[in-house]
Structure formats: structure tokens, C-alpha cells
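Each remark here refers to the structure printed beneath this line.
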Amino acid sequence: MKPILVVLLLGLFIVLTFAFFNATQTPQVSASIVGLQASTDIAGYARADHVRDFKFPDDHGPHPEFQTEWWYYTGNLQARDGRRFGYQLTFFRRAITPTAAPRESAWATNQIYFAHFALTDEKTNRHESSERFSRGAAGLAGATGKPFRVWLETWEATALNADGSRVQLRADEAGRALDLTLAATKPPVLHGERGLSQKSADAGNASYYISFTRLDTTGTLTLNGETFAVTGSSWMDHEFSTAVLGENAVGWDWFSIQLADNRELMLFQIRQKDGSIEPLSSGTLVEPDGTARRLSREQFSIEALASWKSGATGATYPAVWRVTIPAREMVLTITPVIADQEMRVSILYWEGAVEVSGTVRGVGFVEMTGYAGGK
Amino acid sequence: MPTNSTLIRFENVTKEFQEGDQRRAVLRDLSATIQPGEFVAMIGRSGSGKSTLLNLLAGLDLPTAGEIWIGETCISALADHARTLFRRDHIGFVFQFFNLIPTLTVRENVLLTAELNGWQANAARIQADALLGAVGLLDRANVFPDKLSGGEQQRVAIARALCADPALILADEPTGNLDADTGAHVLDLLLRLARAQGKTLVMVTHSPDIAALADRVLRLDHGKLLDSAVVG
Amino acid sequence: MQLTLFKTALRDQLRRPWMTLLVILSVALGVAVVVAVDLANASAARAFKLSTDAVIGKATHQIVGGARGVDENVYRDLRIAQGNRLSAPIVEEYATARELGAQTFRVLGVDLFAEAPFRTYLTANTTQVGLDAFAAFLTQPNSALVSAASAERYGVQVGDPITLVLGTRERTITLVGLLRPPNDISARALDNLILTDIATAQELAGMLGKLTRIDLIATEAHARALAATLPAGLRVASASEQAETITQLTAAFQLNLTAFSLLALAVGMFLIYNTTLFSVVQRRRVLGILRCVGVTGRQIFALILFEAAISGVVGALLGVGLGILLGRLTVALVTQTINDLYFSVTVRGVDVDALSILKGVLLGVLAAVLAAALPAAEAASVPAITALQRSDLESRLRRFIPAITTLGLALLVTGAATLWGINNVTVAFAGIFLGLFGVTLGVPLLTVALMRGVTQTLGRVGLLSRMAARTITQALSRTSVAIAALMVAVSVVIGVTIMIASFRTTVVNWLDQTLTADIYISPPITGGNRPTTMDATLVEKIRAVKNIRGSELIRNATARSPELGDVRLIAVTAVYNRVFKSANAGDVWRQVAGGSVVISEPLANRFRLREGDTITLLTDRGAKQFPIVGVYFDYSSDQGMLLLSLDVYREWWDDPNLSAVAIYVAPNADEAQVENAIRAAVGNAQVIVQSNKSLRDAALVIFDRTFAITATLRIIAIIVAFIGVLSALMALQLERTRELGTLRATGMTLRQLWQLTLLESGLMGATAGILAIPTGLLLSAILIYVINLRSFGWTIFFEPVPEVYAQAFAVAVCAALLAAVYPMVRLGRLQVAEALREE
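Order-wise, the sequence lines are chains A, B and C.
End of the first sequence sits at 375 in the working numbering; the numbers just go up one at a time, nothing left out.
End of the second sequence sits at 232 in the working numbering; the numbers just go up one at a time, nothing left out.
End of the third sequence sits at 839 in the working numbering; the numbers just go up one at a time, nothing left out.
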């Protein structure tokens with residue numbers, strides 16, 4: 001009788017094996033990452049390869065034929081009790097393709113907007129940053145020149161007058177908020193050669209670069225739910241370009257300084273792979289009357305006096321600088337208001353409020369990119 | 001088991017069966033006692049009530065009236081489950097038709113009762129093998145009963161009856177289905193083992209020759225005990 | 001403990017391998033059916049849940065609108081004016097994808113920038129899409145992503161065009177990348193998904209300016225507060241609510257399937273009972289000895305149950321294997337029906353889930369043990385007396401016939417009371433099982449009566465017939481069970497056949513009355529019972545075709561009722577082709593044209609509505625009460641429908657679209673010509689132009705497909721019953737070996753013995769067949785008037801189908817005669833001398 005049992009069990013085994021074998025699937029190997037960094041293919045985009053005539057307020061608005069554009073608002077603020085704050089609200093525009101196909105849907109676009117918002121609080125030694133993304137369509141995000149406005153959902157910079165010299169800034173994020181009115185005290189400054197700011201020797205490796213270097217600022221600032229009435233001074237950079245940096249560039253250090261004598265200073269130096277500084281790094285000195293004077297690489301030096309290592313990311317940044325402009329007999333020591341003003345968003349960089357001392361006092365903002373590993 | 005002088009006691013036992021509308025008495029007001037170690041033969045014609053008496057004694061059936069005591073237990077007052085347990089502990093059986101379990105080997109048939117009584121498997125096996133040796137069938141221990149002759153089967157049945165070490169062995173015509181020589185051999189074996197182990201043996205038989213070997217003969221006729229004689 | 005005792009049980013089973021095999025087989029078949037149906041149901045449910053989860057993601061609520069969706073400005077306001085960042089816009093449409101096996105896919109349009117909190121498989125770090133693909137996805141018109149698994153399955157690659165049929169339009173999209181989700185679960189969730197940018201989806205679906213919905217992550221309080229700010233026509237629904245509503249749709253359908261599968265197991269139980277009882281009867285002597293030797297009744301009881309449990313376990317395991325294989329068939333049938341009738345779901349193979357299998361094994365073992373309980377009790381009551389009369393059990397059974405019959409009658413009454421007393425489908429099935437069991441308890445009495453009749457009529461003709469009838473009566477404990485099993489199986493066949501036939505006739509008649517137009521034009525159905533949309537301009541083109549006497553316009557939509565949930569609307573320009581179950585006196589259409597509505601019977605039954613009641617619907621102009629003026633027969637949807645005038649619909653909802661057009665051809669015109677003219681008029685638009693006949697045929701094809709699985713289960717019930725009769729006959733023959741030997745010895749020829757066997761078997765089959773007819777009729781009536789009405793809410797008109805009874809009777813007798821073959825072969829091999837010697 002045993003063979004029957006054996007046959008039965010064998011049959012059972014075969015049936016079960018077959019049933020289960022077919023039911024299981026081989027797991028799929030898969031990995032990840034959708035990057036927001038757009039392609040490095042720049043064919044088809046407009047380039048900053050010639051001096052152009054700016055027409056305001058239109059040119060405060062977007063230039064979608066260029067790959068990259070940003071509106072940078074930074075400033076140093078004080079509450080009535082003297083408590084000191086720094087802020088940054090930046091809107092970025094990025095084109096994914098050089099041209100947009102004609103589409104029916106209002107949601108269709110080749111423009112992506114993202115924005116960074118950060119507050120620095122000297123008293124609590126805190127710096128908090130956040131980031132938003134949106135398509136530049138369907139009214140969710142975008143920019144216009146006439147009247148000037150750039151916005152990403154609830155974050156916005158909106159002109160309060162026709163020429164865009166008065167602007168309202170608004171941003172909010174989990175207990176942090178900003179609602180400021182900015183009034184330019186000088187006309188827009190065109191950096192470089194009438195606004196064409198060359199970044200390396202190759203033609204087109206340049207940006208169009210316009211600034212409001214001094215904006216009187218009043219409004220409110222909210223931190224951890226607590227709202228402060230603040231006053232201070234802001235700086236706005238508007239820059240658009242396609243492929244700015246040369247092949248050997250690893251990052252840049254950028255300074256915007258508002259001096260107590262009503263002059264402003266913009267300096268940038270592009271660092272190269274071999275440790276040298278790009279010869280076309282430059283600066284602009286704005287006189288009290290608004291006259292802008294170009295500073296070439298040879299006319300200034302930037303020396304890092306200390307460094308700071310980010311506990312969060314491990315990146316090491318310069319921390320204190322000495323800026324020397326011999327022709328102007330200017331020696332400035334630039335010190336961060338607090339050490340950690342690292343922007344820990346999808347692009348890692350350091351941008352923060354600084355205190356200026358030396359031959360003349362002042363406040364300002366410094367931006368440093370390319371220090372985070374691998375970048 | 002109690003050690004006092006009486007092992008089995010029938011007190012005014014009556015057994016009636018319902019047959020259609022009528023009740024027929026098979027045993028009538030029967031009283032008797034059996035001593036420990038006694039070999040009692042029960043004789044009588046077919047239908048005289050022998051088997052009924054044996055069934056009552058085994059606790060397989062209940063009397064209509066009266067009491068049956070085994071030792072200090074009134075088994076006629078026990079419920080079925082308790083009677084089964086009592087039987088398992090105290091009574092061994094030898095049947096006319098051997099009644100071995102066909103699906104168990106010879107050894108397993110023998111050790112079944114011990115195992116049912118809760119013996120350790122090893123102890124049961126040693127006991128079974130000892131008894132199989134005593135009945136001369138140890139070499140057939142792993143064989144199924146259908147391979148054995150009638151005499152051999154009955155020898156296994158005897159081993160089985162003794163395996164759980166019962167005080168009382170009931171035998172229902174144990175030689176009735178065997179030829180004379182084999183029957184004599186089997187009977188001799190049964191008596192020898194029963195006596196050697198001091199068991200009480202109650203045997204239903206038709207054979208006067210066997211009755212003659214008994215310590216005492218109970219003769220049944222129409223449900224009555226005619227006389228009881230002690231035979232040398 | 002008592003290892004030796006259990007050895008007897010095991011060895012006993014091996015000594016009768018055929019009997020053991022039969023028990024195992026009957027458990028296996030029953031379990032296989034239960035597991036197969038359970039797996040099919042579970043697989044469909046799981047596939048649905050996965051795809052729903054994939055689409056719902058972490059959303060807790062959704063802003064939904066009427067037929068036309070949600071205006072996209074609502075989203076912008078939500079995002080900017082209200083600063084609600086836990087929101088995501090969705091545009092969704094169903095489409096048939098030609099190059100993807102012509103399957104229905106869900107085209108899901110998302111805004112990737114809003115997705116991160118909702119659907120992780122779409123956002124960074126989980127899916128390898130690639131930069132170029134991502135750019136193309138966002139900026140290229142008609143670009144889409146599908147899962148790598150789908151692409152592989154249908155042999156398409158990145159860059160390939162895919163033709164989508166959406167409503168009446170055909171669009172070609174380009175595959176710009178593949179989604180490779182991190183694990184198998186999310187891979188399967190993406191199975192029937194075509195992912196596009198929200199702009200692409202709007203363009204594909206023709207939903208410019210509109211969203212299908214806005215997903216939210218919100219607390220209840222927040223959601224309520226938000227709802228208050230929404231424009232009229234929009235509401236906040238909880239995300240689970242919609243999935244639940246949809247799964248509830250199939251609950252009745254799946255319950256019915258489960259009940260039928262349990263029936264197969266129940267028939268199997270008869271067989272187990274029968275076989276176990278036989279083994280007990282055959283072993284009475286051994287059991288008697290065991291009792292003598294000191295085995296207690298309880299131990300014997302446990303022993304028999306142990307035997308049954310062994311067979312149950314082996315059978316159940318085998319059944320699970322068979323069930324998984326069978327599940328491949330059932331899952332296809334179940335999925336087809338769900339797609340035809342309820343919603344679109346893609347099921348890839350069978351989900352062998354542990355719970356279904358565990359359930360199957362437990363049910364199998366439980367059924368075996370339960371069925372063996374009575375025989376085991378019988379075995380336990382075997383007295384410890386060695387001289388036994390074999391007919392003891394039989395005489396006792398006959399003595400108990402009145403009691404058994406009374407119990408049966410009581411069960412029948414209880415079953416009936418349960419059926420009519422409690423309005424619940426599960427309870428109704430319980431009632432059916434109770435009632436059927438009651439009827440089977442009547443089988444011994446009826447068998448005895450019938451056999452007495454046979455003895456008195458046929459018996460005069462020959463001794464053999466008399467013997468056969470008596471054998472059946474004498475072995476009643478086994479024969480009646482075999483007869484009962486066969487009877488139940490055959491009555492299930494009769495009941496289900498009549499139910500399906502009645503249903504079909506009802507549907508045919510209903511189609512006759514409802515489909516009065518000559519030509520029907522509608523967009524291709526993309527699976528499920530989902531509203532489809534035609535452009536109004538297309539309709540104008542159609543109506544401009546010559547030789548059209550008249551046309552009816554139809555719009556299908558879904559509206560929300562605060563009390564009833566989603567209600568399917570059908571807005572029409574005429575109602576005369578509906579048959580009313582009940583309606584207010586007077587001209588119904590005049591009332592409907594005036595703003596009243598009529599509802600289908602399933603809707604009326606589901607919510608206990610009738611004419612005179614009102615129903616509140618959330619319209620684009622806010623909540624509005626509609627008076628119900630009638631209930632009409634409808635078999636197109638078990639969810640029910642609300643029918644209203646198209647003009648009224650358009651007054652309350654901003655929806656100029658149509659779902660179908662029915663055309664009446666002018667009296668003297670050639671219908672085919674008009675049909676062709678319409679085809680020419682619609683040009684490239686993807687619409688189906690169908691004649692009355694082809695639409696009706698299509699409806700009946702779906703109907704027949706729906707009942708394919710029921711038909712399959714019916715056959716399995718017959719197989720189980722057949723095995724039951726076979727085992728009963730074999731049991732009878734085995735038990736009577738000695739008697740048969742005696743008959744042969746006393747001069748009966750082998751041929752006569754065969755005749756006797758055939759007669760016995762045939763009589764049993766005939767008895768089962770005769771008893772099955774009234775039982776089957778009763779069952780069909782219950783299925784029609786109770787189960788269907790309660791499960792689906794529609795009235796089926798009873799159709800007697802006379803030929804079924806003859807067929808069923810023939811099936812019973814044939815099954816029984818066929819079952820006699822093996823015992824006859826065995827008889828041929830019977831060694832007379834040996835049979836006689838057997839004690």
C-alpha cells in the first residue's frame with residue numbers, strides 16, 4: 001500500500017511546487033533619483049554674449065530664453081530693541097528646454113521656479129533655511145516685468161510702483177515669515193560692462209547682472225511665531241545667463257557690502273580647479289550718487305583669515321576675510337554675524353549676513369558655493 | 001487489589017432483556033463469590049446465561065437488579081467510562097475467536113493494554129516480550145496476526161490478557177475454536193501462567209474435561225446457579 | 001501516549017487505500033474550489049487596493065466635483081490664497097492603450113512638484129527615470145511614463161509611440177521613460193498606470209482648465225473647515241471613502257461566489273461522512289475488541305476523528321495546490337466580471353496569500369472532522385461485546401427515521417424562517433445551507449418510501465429489482481447519504497440553471513423593451529461601468545445624418561447624495577422605453593421633464609426608496625431635492641441608477657457633454673445605410689456605432705461571461721457528488737463481499753450480479769434525481785427571489801425551464817450508473833471461495 005502513499009505525496013509536492021513557483025516573481029533591481037539639476041546641454045538657449053540695452057521695468061522681469069535666472073534679496077535688519085537679523089529670499093528660474101512647445105493646457109511649461117528663504121537670528125545664533133519648487137505655470141509660480149513681480153505660490157516679490165523701485169517681499173514657512181517693503185535709494189546698477197558680467201574668457205560665459213545695491217527696508221519678521229517690527233537695508237541682485245562658468249571653475253565667493261559712507265561694494269571671485277582665481281573675477285564699487293565703478297581682478301584681493309566646518313554636512317568654508325582695495329585705500333575685515341549660515345537645501349552653499357569693519361564699517365552678505373564635497 | 005478473602009461477589013443479580021413486548025430474564029437473583037487466585041469454570045447449556053454473566057463481570061453490561069462487586073468496587077454502580085477504566089486496570093480477556101487487532105503486530109497487540117494503562121513504552125515492551133517468550137512466540141513478535149495459526153493467535157491473546165498485570169482473567173471458551181491437541185496446549189499454558197502469577201481465572205466452557213481442572217465449577221441453568229462444587 | 005492505538009488508525013487507512021483516497025479527493029476538491037474562489041476574490045481585491053493605494057498615496061481627503069471635475073483655479077486659490085501646501089492636483093482618465101495589449105490603463109496626470117508628500121514612488125530618490133526623461137515628461141506634449149514591468153510585458157521601449165483611445169478620441173503618446181519602483185509591491189501598484197504630467201493629462205482627457213480632483217493631507221477638522229470655503233458643487237471626500245464605495249460594489253458578487261464554493265465543500269462533506277461511516281461499520285468488530293481490551297469510548301471517538309483529520313490534512317493540502325491552479329482560471333473569470341460590471345482592475349496572476357491558504361486548509365480539516373463526527377460518535381458507542389450483529393446500526397437508523405425526519409423538517413422551517421425573517425445576504429445563504437441540510441435529513445424516509453414503491457411495482461417483475469431496492473433500504477445509513485449528496489449536487493445544478501436561465505430571459509425581455517432605437521452611438525467602453533464622454537459637436541454631426549426619424553441623447557454621470565453617497569445618474573431625453581415597477585399615476589415623462597426623477601429597482605432596494613420619496617443631490621448649484629416619481633426595472637447596474645431629464649440635468653450641472661446617442665431610423669430608410677452614414681459623419685472620432693442587435697448581443701455576451709464561473713462551480717459540485725456515489729457503492733459492495741460470494745455460490749451469474757449492481761446504483765441515482773427536482777426548484781426560487789433581490793436588488797422573473805428537470809434526472813442516473821462501473825469490475829474479480837471465508 002505504500003506506493004500509493006508515495007505517489008500521493010509526490011503528486012502533492014509537484015502540484016504545490018508548481019503552484020508556488022509560478023506565483024513568485026523575480027524581484028526587480030531598481031534604484032533611484034530624479035535630479036532637479038537640468039541638463040548641461042545649452043544648445044538653443046540665448047547667451048550673454050553681447051552688451052544689451054536694458055529697458056526697465058521690463059528687464060526686471062523674466063528672460064525665459066536664458067537657461068538660468070535669479071532674483072536675490074538679502075538684507076540686514078534690526079528690531080526696535082536692536083536684535084539683529086539677516087534674511088535671504090531668492091527666486092530661481094530654470095528653463096528645461098530652450099523653447100516651449102505650443103500647448104493647450106495652462107499647466108504646460110518649460111520653466112521651473114524654485115526659491116530659497118532663510119533667516120539669521122544673531123541673538124539665538126540660529127539660521128534656518130527652506131526651499132520650494134513649482135512649475136512656472138497655472139499661476140502657481142512665475143515672473144513679470146511690467147509690473148515687476150516674481151512669485152512662487154505664497155512667496156513673492158511684488159513691485160509697489162511702476163518702475164519697480166519699491167517692492168514688497170513676502171515669504172513664510174512653519175513659524176518663520178517675512179513681510180517687508182523695500183525702497184531703492186539708488187537706481188539699478190549695471191555690473192561689468194553695462195550689465196554684461198563676464199565670468200570666464202569664453203564668449204557667452206557671462207551673465208547679465210543688475211542690482212539694487214541699497215534698498216531701505218521696513219516691515220515685519222516672524223520667528224518661532226514671534227513677530228518683530230524691523231528696519232534695515234537690503235540688496236537685490238537680478239542675474240540671467242546660460243552656462244556662466246568656465247570648465248575649470250569649482251565655485252565662487254561673492255560679497256555684497258553696504259558701507260556706512262553710503263557706498264556699496266560687490267566683489268566676486270571664481271575659484272578654479274588648480275586653486276587659482278579666474279582672472280575675469282571682478283567687482284563694482286557704487287558711489288553715494290549711484291555711479292558704479294568697475295573693479296578688475298587686479299584691483300582687489302580677498303584673503304580668508306579663518307575657516308568654519310559645518311557640523312551638519314562636513315563642508316569647510318572660509319569664515320573671516322580681509323578685503324583689500326589698494327587704489328581706494330580700503331581694508332575691510334568681513335566677519336559672519338553667526339558662523340553657521342549654511343543653506344542646507346537641494347544645492348548646498350553658504351550664504352549669510354556679515355559684519356564689516358576696517359577702514360570703513362558696514363554690513364553685507366556673503367555667498368560661497370562649491371565648498372561642499374563633490375561639487 | 002484488596003487482599004481480603006473475596007475477590008468477586010454477586011449479590012442477588014438479575015438480568016432481563018427486552019424482547020418485543022416481553023421481558024425475558026436471563027439471570028435470576030443470582031449470588032456467588034469467588035476468591036482471589038481461584039480458577040472457576042462456568043458451565044451450562046447455550047442460552048443458560050454464561051456469556052451474560054461474563055459480560056456483567058467484565059463490566060460490559062449492567063444487571064437489571066443486584067450488585068456486582070470486584071474487590072471493593074461495586075462495578076455495577078459505575079458509569080460506562082469508569083467501568084472501561086476499571087476493566088482496563090483489572091481485567092484481562094481471552095476470547096473464543098482470539099480477536100487480535102489485525103492492524104497491529106503481535107507485539108503491539110500484547111503491549112496495547114499495558115500502554116493503555118499508562119505504562120512507559122519501554123516497560124510495556126519488556127513486559128510484552130517477556131510474556132511472548134512465556135507463550136513461545138517471541139520470534140513472531142513483528143508479524144501481523146493473520147500470519148499465525150489459531151493456536152498461536154490464542155497464545156498471543158493470553159499474553160495480551162496478562163500484559164497489563166490484571167488481577168482477574170476472563171476467558172470465554174478459549175479452546176472452543178481449536179483442535180483438541182492445540183486446545184490442550186493453550187489451556188495448559190493459560191493455567192500455568194495464571195497460577196504462576198496468582199491470577200483469578202473465570203472461564204466459560206462446554207468441556208467437562210476443562211471443568212474438571214477447575215478449583216470450582218459454577219453451573220448455570222435458566223439463569224440460576226444450580227450448585228457450586230469444588231473439584232479436586 | 002497511545003501510539004499503538006493510533007497505529008491501528010494509520011494502518012487501517014493504508015489497508016483501504018481507495019477509501020482513503022476518496023476521502024482525500026473529496027476534501028481536496030471541496031478545498032480546491034473554496035481556495036480558488038477565495039484566491040480569485042482576494043487577488044482582485046488586492047490588485048484593486050494596490051492600484052487605489054498607488055493612486056491615492058498618502059492623501060487623506062480629496063476635493064471632488066461633479067461630472068466636470070474641479071476647476072483648476074480652485075487649486076491655485078488653495079495653494080496661494082490659503083497657503084495649503086499639502087495638496088496636489090490630479091487629472092485622471094481611463095484609456096485603452098493599443099500597444100499595451102489593448103488593456104485599460106489609468107492615465108494619471110500629476111504635478112511632480114506637488115507630489116512629494118503624496119506618492120513617494122513618483123518623486124526623487126525612489127525612481128530612476130533619468131534627466132532627459134524627466135525633462136521630456138515635463139515639457140514634451142503627449143509624453144508619458146509606464147512601469148518597466150508593463151513595458152517589458154507588452155514589448156515596448158522608451159521612444160515608442162502608444163495609441164490611446166480616450167472617450168471618442170484617439171491620441172498618440174510617446175513613452176519617454178520607465179518607472180522602476182523599489183519593490184515588487186509598488187511595481188504591481190503601477191501595473192495599469194500611465195503616468196503623465198498634469199498638463200499632458202489635461203490635453204489628453206480634454207479637461208483643459210479642469211482637475212479630476214485635488215488630493216489633500218488634512219485632519220478631519222481641517223478638511224471640514226476647508227469644505228466650507230469651497231464653491232458650490234465641490235466637496236471634500238475622505239480618501240478611503242471612495243475606495244470603500246468601489247470595493248463594496250463587488251461585495252455581493254464575491255459573497256455569492258464564496259457561498260457557491262462552500263456548497264462544493266458541503267457536498268464533499270457528505271462524501272467524507274459516508275466513507276468514514278463505512279469504515280466504522282466495517283470495523284465494528286475490531287472496535288468492539290478494542291473496547292473490551294479497555295479502550296474508552298472517548299479514545300475511539302478521537303481515533304476516528306484522528307483518521308478523518310489525517311485525510312483532511314492531506315486532502316486539504318492537495319486541495320490548496322489544486323485550488324491555486326484552479327485559481328488561475330477563476331481569477332480570470334472573476335476579473336473579467338469585475339471589469340465588465342464594476343470597475344477597472346488589472347490582476348496579474350494569482351496572489352497566493354497565506355491567509356487564503358490557511359483558511360482553505362482549516363476549512364478542509366474542519367469539514368473532514370465535522371463530517372466524521374457522527375460516524376465517530378457511532379464508533380464510540382460500539383459496545384464492547386464481541387458477538388455483534390452487523391445490522392445493528394441499520395435497525396437503529398430506521399428506528400430514528402421519524403426523529404431524523406422531524407429534525408430535518410425543523411431545520412427546513414428554521415432555514416426558511418431565517419431566509420425570510422432576516423434581510424441579509426450572508427444570513428440568507430446560511431438559511432439555504434440549513435434548509436438544504438434539513439432536506440437531506442428527509443432523504444432516509446423518502447428513500448425508504450420510494451424503495452417500498454419500487455418493491456411493490458418493479459419488484460413484481462423480478463427478484464433482482466426487489467433485492468436491489470431492499471439492499472438500498474437495508475444499507476440506508478450509507479445509501480441515504482450518497483443519495484443525499486447526489487441530490488444536493490443535482491438540486492444545485494437545477495437551482496442555479498433555472499436561476500441563470502430566468503435571469504437571462506428577464507434580461508432579454510428587458511433589452512427588448514429598453515433598446516427601442518435602431519442605432520446606438522457611444523464612445524468605446526474603457527472597462528468598468530464608468531461614464532464615458534462624447535463631444536457635443538460630434539452629436540450634432542450625427543444628428544445631421546439623413547433619414548433619421550429621431551434621436552435620444554443620453555448622459556451618464558455620478559452625483560453625490562449626502563445620505564446615499566455616490567449615485568449614478570442617467571440623463572435622457574425620453575423615458576417611454578422603461579418598464580416601471582411602480583409609478584405615480586399619470587404621465588411619468590411629463591413629471592420627469594418637470595424636474596422629478598425615476599430610479600432603478602436596485603437603487604430603490606438598496607436604499608429602500610420608493611415613489612413619493614425625495615432624493616437630495618449635490619449639484620453644481622448646491623444641494624437640491626428631487627422628487628422620485630417611479631421605480632423602473634433595470635439590470636445594467638446593481639448599484640442602481642437615477643434617471644432624470646437631460647434638460648433638468650443641464651440646468652443643475654455645468655456639463656454639456658453626452659455619453660451616448662440613440663438613433664431612430666426613418667421608416668422607409670435602410671438601417672445599414674444610415675449606420676454607414678453615421679460612421680462617415682463621425683470621421684476619425686473613436687465611437688462605436690452599433691445596431692440594436694449588436695448592442696443586445698454585446699450585452700448578452702457580458703451576461704454569459706458573468707455566469708461562466710457559476711457554471712464552472714456547478715460542474716465541480718457534480719464531480720464531487722459523483723465521487724460520493726462511487727464511494728457509497730464501493731462501500732456497499734465491499735461490505736457485502738460475503739453476501740455476494742454466497743449469491744455467486746448459490747448460482748447467481750456474474751451478469752446477474754452486474755445487473756443487481758446497476759439496479760442498485762440506478763435506483764439510488766433515480767431517487768436522488770427525483771428528490772432533486774423539488775429541492776432544485778425551491779433553491780432556484782430562493783436564489784431568484786431572495787439572494788438576487790437582496791444581493792443585487794433586481795427582480796428576476798421566474799422561468800420554469802422544463803428541460804432542466806429531465807436533464808438533471810438524467811445526470812443523476814448517469815452519474816450513479818457510471819459510479820457502478822468500478823464495483824462491477826471488482827465483482828468480476830471476486831474470488832467466491834475467499835469471499836465466503838471472510839468472517
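We treat Cβ as the ideally placed atom computed from N, Cα and C, and that holds for glycine.
For clarity, every value in this text was computed on a predicted model and none was experimentally measured.
Straight through space, the alpha carbons of Y208 of chain A and H60 of chain A are spaced by roughly 11 Å.
Runs of the beta strand (DSSP E) spanning 3 or more residues and lying entirely within the segment 302-348 of chain A occur at 316-325, 330-336 and 342-344, in chain order.
By the Cβ-count criterion, L362 of chain C is exposed, with fewer than 16 other Cβ atoms from all chains shown falling within 10 Å of its own Cβ.
When the beta-carbon positions are compared, Y664 of chain C and G550 of chain C come within less than 8 Å of each other. For the pair of segments examined, the segment 812-820 of chain C was found to touch the segment 745-763 of chain C: the number of CB pairs separated by less than 8 Å reaches three. When DSSP states are grouped into helix, strand and coil, N692 of chain C belongs to the helix group. Where Q127 of chain B is concerned, the enclosing alpha helix (DSSP H) starts and stops at A121 to A134.
Secondary structure note for Y209 of chain A: it is in no alpha helix (DSSP H), and the uninterrupted beta strand (DSSP E) holding it is A206 to L223. Taking 8 Å as the threshold, the shortest C-beta distance from V281 of chain C to chain B does not fall below it. Burial state of K15 of chain B is buried, judged by a 10 Å Cβ sphere holding 16 or more other Cβ atoms.
For G442 of chain C, the three-state secondary structure derived from DSSP is helix. Note on geometry: alpha-carbon atoms of L358 of chain C and A308 of chain C lie some 18 Å from one another. Taking the C-beta atoms as reference points, G370 of chain A is found no nearer than 8 Å to G204 of chain A.
Sequence-distant partners of P656 of chain C (beyond 5 residues in either direction) whose C-beta falls short of 8 Å from its own C-beta, in its chain, are A536 and R650. Our two residues, R219 of chain B and D61 of chain B, have alpha carbons roughly 21 Å apart in a direct line.
Boundaries of the beta strand (DSSP E) harbouring S522 of chain C: I519 to S522, taken from the DSSP string. One finds R79 and I80 in chain C with Cβ atoms closer than 7 Å to the Cβ of E153 of chain A, taken in chain order. With a contact defined as Cβ atoms closer than 8 Å, T220 of chain A and T227 of chain A qualify at about 5 Å.
If you check the CB distance, R171 of chain C and L204 of chain C come in under 8 Å. The beta-carbon of K49 of chain C is placed no less than 8 Å from the nearest beta-carbon of chain B. Residues are counted here when their Cβ sits less than 8 Å from a Cβ of chain C; for the segment 79-100 of chain A these are I96, T97 and A100, given in chain order. Its Cα nearest to that of T219 of chain C, the residue C:S87 stands out among C:L325, C:L14 and C:S87. Not one beta carbon of chain C lies nearer than 8 Å to the beta carbon of N122 of chain B. For secondary structure counted as the alpha helix (DSSP H) over 4 or more consecutive residues, the segment 90-176 of chain C holds these complete runs in sequence order: 112-115, 131-139 and 148-154. Nearest Cα to I401 of chain C within the set C:Q456, C:S480 and C:L419: C:S480. Counting only runs of at least 3 residues, the segment 629-687 of chain C fully encloses the following beta strand (DSSP E) elements, listed from N- to C-terminal order: 641-645 and 660-665.
With a 10 Å radius around the Cβ and a threshold of 16 neighbouring Cβ atoms, G47 of chain B comes out exposed. A distance below 6 Å between beta-carbons, with the five flanking residues on each side excluded, links T455 of chain C to the following residues of its chain, in chain order: R466 and A469. DSSP places N605 of chain C in the uninterrupted alpha helix (DSSP H) bounded by E601 to F607.
Distances from the CA of L226 of chain C to each of C:V413, C:Q202 and C:G83 were compared; the closest alpha carbon is that of C:G83. Within the same chain, K50, V204 and L218 come within 6 Å of M42 of chain B by CB-CB distance, once the 5 residues on both sides are set aside. Within the DSSP bridge table, the entry for I548 of chain C names C:V665 as partners. For W119 of chain B, the closest alpha carbon among the candidates C:T497, C:T296, C:T4 and C:A251 is that of C:T4. Here E203 of chain C carries a helix assignment [DSSP, helix/strand/coil]. Non-local beta-carbon contacts of V687 of chain C in its own chain, meaning distances under 8 Å to residues more than five positions away in sequence, involve T168, I521, S522, P523, P524, M534 and L538 in chain order. T103 of chain B and S791 of chain C have their C-alpha atoms roughly 53 Å apart.
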